[in-house]
Ligand code: GH3
Ligand code: MG
Ligand code: MG
Ligand code: MG
Ligand code: MG
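Structure (structure tokens):
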């Protein structure tokens with residue numbers, strides 16, 4: 001999610017510079033400080049990652065250029081803009097820093113208003129990028145992750161499960177007789193119903209590695225790392241029960257007097273030559289079987 005107040009990580013070994021930079025920037029941004037390269041690498045990779053890094057070139061352990069290279073090469077930190085701050089006022093050095101992935105280069109002694117203006121500009125750009133990347137992975141109706149995010153996530157988890165030889169489970173859920181729901185209550189009511197279902201499903205998915213996405217129109221999917229077939233089936237049933245317990249009226253349903261889901265479950269320990277589509281197809285077939293078995297049920 002896009003943050004209210006953005007954060008700046010100052011990587012600097014000189015006390016006086018830390019104080020000056022901290023004082024100016026803390027009025028607008030959350031500030032974190034690292035006084036050596038090793039500490040900086042740890043901090044930059046924490047869960048709450050900085051939105052921008054101010055990086056001093058002359059450092060006691062890892063030099064700023066090398067740090068810049070490492071941060072730009074790392075998948076987790078490469079999207080964080082880095083501004084190099086240095087007393088070396090040479091074109092060559094500046095070009096070198098920029099070639100390593102820095103977005104800007106400021107020479108000491110720096111002008112405070114210019115530094116603040118540059119920081120603001122890069123943070124604004126960062127915010128816009130964050131908003132775009134947020135939009136690109138979320139579904140606008142339900143707020144859940146979308147198909148694009150699901151595709152990338154299942155691929156990554158499939159590879160991980162293959163490497164670690166652990167189970168990966170997939171639950172596919174489809175609203176029963178939803179066309180009839182729309183026909184009876186109208187499309188707008190259908191939209192609100194999907195939102196309620198999404199909220200309910202999300203509230204019942206608790207582990208941090210689990211991913212819930214809207215797979216298509218009235219279909220939802222949960223990627224469940226390290227869950228076996230039995231536990232995934234228990235969870236799928238819990239999800240269906242939770243949605244049924246909302247008792248959203250569905251007068252046009254032939255299954256119940258309220259909205260229900262059908263669920264398909266698949267789980268496997270991937271082999272190196274198996275594509276992830278095998279897991280998706282297995283869950284899809286199980287879902288089809290649940291529909292054939294009369295809906296409002298889970299099949300494996
Ligand atoms: P089944 O139990 O076999 O799944 O029957 P169904 O009617 O749910 O399945 P079908 O595939 O025939 O119809 C799905 C319906 O879901 C049709 C479509 O209009 C509706 N739908 C898909 N996306 C949306 C949406 O974003 N909003 C609304 N309101 N309806 C949607
Ligand atoms: Mg220094
Ligand atoms: Mg469907
Ligand atoms: Mg269908
Ligand atoms: Mg359906």
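Residue numbers (UniProt numbering): 1 to 300.
Ideal Cβ placement from N, Cα and C applies to all residues, glycine included.
On a predicted model such as this, the values are computed, not experimentally measured, just so you know.
When distances are taken from the beta-carbon of residue 183 to the heavy atoms of ligand 5, even the shortest one reaches 7 Å or more. Closest option to residue 159, judged by alpha-carbon separation, among 272, 21, 5: 272. A Cβ-Cβ separation of about 5 Å places residue 37 in contact with residue 67 under the 8 Å criterion.
When 63, 16, 14, 53 are compared, the shortest CA-CA separation from residue 32 is found for 53.
A distance criterion of 7 Å places the beta-carbon of residue 58 in contact range of ligand 2, judged by its closest non-hydrogen atom. Take residue 218, set aside five residues on each side of it, and the residues of its chain with a beta-carbon closer than 6 Å to its own are 175, 178, in chain order. Proximity of the region 146 to 156 to the region 199 to 208 falls short of the contact definition, fewer than three beta-carbon pairs being nearer than 8 Å. Classified as buried, residue 126 has 16 or more neighbouring CB atoms from the shown chains inside 10 Å of its CB. Rounded to the nearest whole angstrom, the CA to CA distance from residue 82 to residue 55 is 7 Å. For the 8 Å CB-CB criterion, residue 280 and residue 211 do not form a contact.
Counting C-beta pairs with one atom in each stretch, the region 106 to 116 and the region 72 to 81 have fewer than three that are closer than 8 Å, which means they do not touch.
Residue 104: not part of any alpha helix (DSSP H); member of the beta strand (DSSP E) spanning 104 to 107, first to last residue. Using a Cβ-Cβ distance cut-off of 8 Å, the region 219 to 230 and the region 240 to 256 are not in contact, since fewer than three pairs of beta carbons, one from each stretch, lie closer than that value. With a cut-off of 7 Å, the C-beta of residue 284 is classified as distant from ligand 5, since no heavy atom of the ligand falls inside that distance.
A heavy atom of ligand 2 is found nearer than 7 Å to the CB of residue 13. By a beta-carbon distance limit of 8 Å, residue 290 contacts residue 297. Their separation comes to about 5 Å. If the five residues before and after residue 293 are omitted, its C-beta is found closer than 8 Å to the C-beta atoms of 299, all from its own chain and listed in chain order. Ranked by Cα distance from residue 199, the options 47, 282, 144, 236 are led by 144. Its chain contains 9, 32, 34 as the residues whose beta carbon lies nearer than 7 Å to that of residue 43, once the 5 sequence neighbours on both sides are disregarded; these appear in chain order.
Taking C-beta atoms as the reference points, residue 100 and residue 65 count as a pair closer than 8 Å. According to DSSP, residue pairing for residue 182 in a beta bridge does not occur. For residue 191, the shortest C-beta to heavy atom distance toward ligand 5 is 7 Å or greater.
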